[in-house]
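Visitor:
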Amino acid sequence: MNDFVLIGKNLFRKKLRAALMLASIMIAFLIFGVLAGFQRAFNAGEDVAAADRLMVVNKINFTQPLPIAHYNRVRSIEGVRQVTHMNWFGGYYQEPKNFLVAMAVEPETYLQVYSDQVDAAADARAAFIRERTGALVGETIMKKWGWKVGDRVPVMSSIFTQKNGARTWDFTIVGTLTSRKPNIDTNFMVFQYQYFNETQNQGRDLIGWMALNTTSPSQNDRVTKAIDQMFANSFYETATDTEKAFNKAFMAQLGNIALMVALVVGAAFATILMIVGNTMVMAVRERTREIGVLKTLGFSGGRILRLVLGESVLLALLGGIPGIALAALFAAAMETSLSNFIPGFAVTPGIALTAVALMLALGLATGLVPAVNAMRLKIANALGRS
Amino acid sequence: MRSFLLQVAAVTVINIKSIPQRFWLSLSTVVAVALVVMVLLSFLAMANGFQRTLTSSGADDVAIVLRGGSQAEINSTVARDQVRLIEEAPGIARSPEGKPLVSAELYLIVDGLKRTTQTKANLPLRGIGQEGAAVRKGIRIVEGRMFQSGANEIVVGKALLREFQGFEIGKTVSFATSRWTVVGAFEAEGSVFESEIWADLPVVQSLFNRTNIVQTVRARLQSPAALDALKRYVDEDPRLKLDVKSEAAYFADQASQTSDLIHKLGWPLAIAMALGALAGALNTMYSSVAARAVEIATLRAIGFGGFPAFVGTLAESLLLAVLGGIIGVTATYLIFDGFSTATLGASFTQVVFSFKLSPALIAQGVILALAVGLAGGLFPAIRAARMPIVAGLNS
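Chains as they are written, first to last, in the working numbering: chain A, 1 to 386; chain B, 1001 to 1395.
1. Using a Cβ cut-off of 7 Å, pull out every chain A residue sitting near A1272 (chain B), in sequence order please.
2. Alpha carbon to alpha carbon, how far is K15 (chain A) from A346 (chain A)?
3. For A1104 (chain B) versus L1221 (chain B), is the C-beta spacing smaller than 8 Å?
4. Applying the criterion that 16 or more other CB atoms from any shown protein chain within 10 Å of the CB defines a buried residue, is K143 (chain A) buried or exposed?
5. Unbroken alpha helix (DSSP H) runs of length 4 or more, entirely within the region 1165-1213 of chain B: which are they?
6. So, at 7 Å on beta carbons, what are the nonlocal neighbours of D1061 (chain B) in its own chain, with the 5 sequence-adjacent residues on each side left out?
7. Determine the DSSP secondary structure at A1293 (chain B), reduced to helix, strand or coil.
8. Compute the distance between the beta-carbons of T1313 (chain B) and S1347 (chain B), then report whether it is under 8 Å.
9. Taking I1139 (chain B) as part of the beta strand (DSSP E), name the residues at either end of that continuous run.
10. Between B:S1246, B:R1239 and B:L1320, which has its C-alpha nearest L1085 (chain B)'s C-alpha?
11. Looking only at DSSP bridge pairs, what is M210 (chain A) linked to?
12. Rounded to the nearest angstrom, what separates S337 (chain A) and T199 (chain A) at their Cα positions?
13. Hey, how far is the Cα of A1009 (chain B) from the Cα of F1307 (chain B)?
14. Got a sec? Which residues, its chain only, sit under 6 Å from S1070 (chain B) by beta carbon, not counting five neighbours each side?
15. Note down, in chain order, every chain B residue with its Cβ under 9 Å from the Cβ of Y236 (chain A).
16. Leaving out five residues before and five after A1229 (chain B) in sequence, what residues of the same chain have Cβ atoms less than 6 Å from its Cβ?
17. So A1277 (chain B) contacts chain A; which residues on that side make the cut at Cβ distance below 7 Å?
18. Out of A:E46, A:A19, A:A44 and A:H70, point me to the one whose CA is closest to A232 (chain A)'s CA.
19. Can you pull the chain B residues whose beta carbon is under 7 Å from the beta carbon of L254 (chain A), in chain order?
20. Looking at the strands, I want to know which residues DSSP matches up with W169 (chain A).
21. Figure out for me which residue from B:V1234, B:A1045 and B:A1315 has the closest Cα to the Cα of K1017 (chain B).
22. Does G1338 (chain B) have its Cβ less than 8 Å from a Cβ in chain A?
23. Going by Cα to Cα distance, which pick from B:Y1333, B:V1329, B:F1304 and B:V1351 is closest to R1386 (chain B)?
24. Tell me, which residues are paired with K1245 (chain B) by DSSP?
25. Does I1335 (chain B) pass the burial test, meaning 16 or more other C-beta atoms within 10 Å, or should it be called exposed?
26. Mind pulling the chain B residues with CB within less than 8 Å of K248 (chain A)?
27. E1105 (chain B) bridges to which residues according to DSSP?
28. Less than 8 Å between the CB atoms is what I'm expecting for F1186 (chain B) and G1157 (chain B), so what's the real figure, rounded?
29. Is the distance from the Cβ of S339 (chain A) to the Cβ of T140 (chain A) below 8 Å?
30. Which residue wins for smallest C-alpha separation from A44 (chain A), given the options A:V56, A:T214 and A:I184?
31. Reducing DSSP to helix, strand and coil, say where T215 (chain A) ends up.
32. In chain A, which residues lie less than 9 Å from Q1071 (chain B) when you measure between Cβ atoms?
33. Note down, one range per segment and in chain order, each beta strand (DSSP E) of at least 3 residues found wholly within the region 1331-1369 of chain B.
34. Taking L1320 (chain B) as the reference, give the member of B:V1011, B:W1024 and B:M1001 with the closest Cα.
35. Should G1276 (chain B) and A28 (chain A) be called a contact, given that it needs their Cβ atoms to be closer than 8 Å?
36. If the criterion is Cβ atoms closer than 8 Å, does the pair L326 (chain A) and L30 (chain A) meet it?
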């Protein structure tokens, strides 16, 4: 009988107790996995931001427009490699609750600036640049509504109406946008700015914001200053920031998600630490005589220590691994239905690894006290106790 | 019957007196239940606080008029001639001077700095008509004064001042080429208007290059029932492709979207945690039964029934759960009740609100605690009641 068998026998000596411990550990790791996936999805915008990308928005607020003339002037600034502009469309499909992240963009430069994030087939790109009513639609949306390339889809806007009074814009899907990074969800669609600008009724030649790539991240500060100075004291002043800072500020507007996740996960772990920790102490105390016998047989204190720690670590792993697996299954099952609220909700290998590290830490923490007690136990005392 | 009750009472007392023997294990159950209750109640208090802020904003006798299909103020536009038609509509209350209590408004978003994170946040700048404050109830200037019409002056809501910086009284702020002075702060009975910045409509229109554009119209009605007359009037006029709602209905809609979402997060989390705590409670109670096996068997041997053993064990479990529940409720009240925070609302601007516990929410927390105690005590209690005497005495 090797030590591992002994550990297993000890752990499952009281099957009901072991099952209850496993259940509570499993639930704690299920909660951890789901919330960590949730938080990661929230932070995705910050994590995927390109180091050389800047966002140029109206200084009053990013919902205020800029004139398209700004675009041409920014293009000529030294250190700007490529720049594109975008308008928020406030789109939805059929009814308002099916909102669509739809943006009017300058087609050619959009595909250049965001080439690190999204991809489309060569013929789709060409068609998008060529066709006035063409749209590139993210894979996630295509799947969600069962759309196919070549379909003509009616998209409504909660902000704009057409000059002729119509509330619906018809777009021809010319291709699918696919993600080039695992944590970018393609829950959005883009269409031509020109088509939008010519048909909508709320002010001509205005753009929402610009996104640009600098020639190198080291140029960011200089380019930022150059742009904001160029438009200082004009009616349309700009505020330029890195994509990362912009996305971070936006997420902070929703609330302190990180703190909320930390508190709930903390509560879940505090619970199992106490329950499992106390149970381990009790379980080892019940075995005092046996430990005395093992010591009499020549088991060293260190070996006893390893046996008890091994037991608590095994318990944490056996409970935690199914828990994190359940969280992954849950995330996979919910991904599509949650894509509008939290695109990119998934339990990643990184989260799973963190979970395993937490399991080891939990196992060591809950096993430490009883293991040290057992190691220090004097044979005479152990056998003397009934 | 009396002796039966005495038996039950005696065993229950023995059970409860034995709790200190399993002090740490019992304590961990109490704390586990307390944490479950805290998680549940903090989510419910968040949803409740948000809902209260929004629903207290909406009055039954104020109508809000938006462009058809626009849903939120930020998306709406209303033409100048449409405003005039609404001013002449039936059912609208008038001021003592005979002017209709109608406020055409512009709703723009400007940047403020969130105090906690020092990041930019969307704050609403509302250009209100002369009757803007009179249309709403309970608007009170608490510091400084109201803006003067025609001046580049703004007043800010109290809640906004609490969570965001950049709009302190006396400060000059600039939007594009215009400069504004903050001249006062107002209260609005804790409603969402306290998260807003107000200024004179014509000034906002001209300085933001939106001359003659308004987004929404608010009208004080003669009575809540007058809403139907206004709706009919708007529906019958082809020039008015507008949606008319009571302000109460408008805000109630927005409130339910967000608070539903918080409930959908909070309840599953709390139930998952409750299952974890239940495993702990079962463990504690089975240990209790095992530790008292000799005692239970002895009592049975001298003529006690199985039922008192059942009640005693269940009572112990419920007591631990109730203790946990009380600690959870108290801790949530002390830590989270009144905690002020802000999130993005339906109009894409920050809504400041405070966590708010209520008796109904506390009851839900205590019920969850009792459910854990009941389920955690039931099976161990059955085991205690059915324990064979001989096996118990031998153990």
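Where a beta carbon is used, it is the ideal one built from N, C-alpha and C, also for glycine.
Guide: In brief:
1. Scanning chain A for C-beta atoms nearer than 7 Å to the C-beta of A1272 (chain B) yields I27, L30 and I31, reported in chain order.
2. Computed Cα separation, rounded: 33 Å.
3. No.
4. Counting of Cβ neighbours within 10 angstroms places K143 (chain A) among the exposed residues, the total staying below 16.
5. Taking only runs of at least 4 residues, the alpha helix (DSSP H) segments lying wholly in the region 1165-1213 of chain B are 1201-1207.
6. So the list reads R1220, L1221, S1223 and P1224, once near-sequence residues are dropped.
7. In the displayed model, A1293 (chain B) falls within a helix according to three-state DSSP.
8. With respect to the 8 Å criterion, T1313 (chain B) and S1347 (chain B) are not classified as neighbours on the basis of their beta carbons.
9. Element bounds for I1139 (chain B): n/a, residue is neither H nor E.
10. Restricting attention to B:S1246, B:R1239 and B:L1320, the CA atom closest to the CA of L1085 (chain B) is found in B:R1239.
11. According to DSSP, which records beta bridges pairwise, M210 (chain A) is partnered with A:V56 and A:H85.
12. About 33 Å.
13. Those two C-alpha atoms are separated by around 11 Å.
14. Same-chain partners within the cutoff: S1076.
15. Going along chain B in sequence order, the residues near Y236 (chain A) (Cβ under 9 Å) are A1176.
16. Spatial neighbours of A1229 (chain B) in its own chain (CB-CB distance under 6 Å, excluding positions within 5 residues in sequence) are listed in chain order as P1090 and G1091.
17. Taking a Cβ-Cβ threshold of 7 Å, the residues of chain A close to A1277 (chain B) are T271, in chain order.
18. The residue among A:E46, A:A19, A:A44 and A:H70 with its C-alpha nearest the C-alpha of A232 (chain A) is A:H70.
19. Going along chain B in sequence order, the residues near L254 (chain A) (Cβ under 7 Å) are T1343 and L1344.
20. Partner(s): A:V155.
21. Selected option, being the one with the closest Cα: B:A1315.
22. It does not: the Cβ of G1338 (chain B) has no partner Cβ on chain A nearer than 8 Å.
23. Comparing Cα-Cα distances from R1386 (chain B) to each of B:Y1333, B:V1329, B:F1304 and B:V1351, the minimum goes to B:F1304.
24. Beta-bridge annotation (DSSP): K1245 (chain B) is paired with B:I1064.
25. By the C-beta density criterion, I1335 (chain B) is exposed, having fewer than 16 other C-beta atoms within 10 angstroms.
26. Correct list: T1119.
27. B:T1216, per the DSSP bridge assignment.
28. About 6 Å separates the two Cβ atoms, so the contact holds.
29. Annotated as proximal: S339 (chain A) and T140 (chain A), with beta-carbon spacing under 8 Å.
30. When only C-alpha atoms are compared, the closest one is A:I184.
31. Coil, per DSSP.
32. What Q1071 (chain B) touches in chain A: P96 and S158.
33. As far as the region 1331-1369 of chain B is concerned, its whole beta strand (DSSP E) runs of at least 3 residues are 1340-1344 and 1350-1354.
34. Comparing Cα-Cα distances from L1320 (chain B) to each of B:V1011, B:W1024 and B:M1001, the minimum goes to B:W1024.
35. Taking 8 Å as the Cβ cut-off, G1276 (chain B) and A28 (chain A) qualify as a contacting pair.
36. Yes.
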